[in-house]
Amino acid sequence: MVEEGIPSKILAYLDRNLAETIRNLTDEEKKVLKYFLQNISVGSIISLRELKSLYRVQEPKNVIRSLIDKGLLEQGYGCYSLAKSLREALFKMLREGIEKTR
């Protein structure tokens, strides 16, 4: 099942507060989070361009800032990345999925 493009499976790997934060995101925030779930870490300029042109996010910089404030993204030197807690949950989910197929 998918909640506005965000795989609901990942919510099971997060703490309750973070999962609830994701459930309460705006549509624009969900688009941006989905983008980072697919790309994990992207250069600042490229992410802003792609989010505006391909994902039709009106103000990508403001949405990214909001997701950083909510603890879902991180800002590095010239890049934006999925927050460590989400990266770990994503990798754990993928690892368990791979182990089930063996």
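Adding 1079 to a residue's 1-based position in the sequence shown gives its number in this note's numbering.
Yeah, the Cβ is synthetic: ideal placement off N, Cα and C, and Gly gets one too.
Quantities reported herein were computed from a predicted structural model and do not represent experimental measurements.
Non-local C-beta neighbours of leucine 1146 in its own chain, meaning closer than 7 angstroms and more than five positions away in sequence, comprise Glu1108, Val1111, Leu1112, Leu1152, ordered along the chain.
Rounded to the nearest whole angstrom, the CA to CA distance from asparagine 1141 to arginine 1174 is 33 angstroms. Ranking Glu1099, Tyr1114, Leu1097 by CA distance to the CA of tyrosine 1134 puts Tyr1114 first.
By the Cβ neighbour-count rule, serine 1126 is buried, with 16 or more other Cβ atoms within 10 Å of its own.
Checking the DSSP bridge columns, you'll see valine 1121 partnered with Tyr1159.
For leucine 1130, the CB contacts under 7 angstroms within the same chain, skipping 5 residues up- and downstream, are Val1111, Tyr1114, Val1136, Pro1139 in chain order. Between the alpha carbons of tyrosine 1156 and alanine 1091 lies a distance of about 31 angstroms. As computed with DSSP, glutamine 1154 is found in a beta bridge with Tyr1159. Distances from the alpha-carbon of valine 1121 to those of Lys1163, Cys1158, Ser1164 put Cys1158 closest. In the three-state scheme derived from DSSP, where H, G and I count as helix and E and B as strand, valine 1136 is classed as coil.
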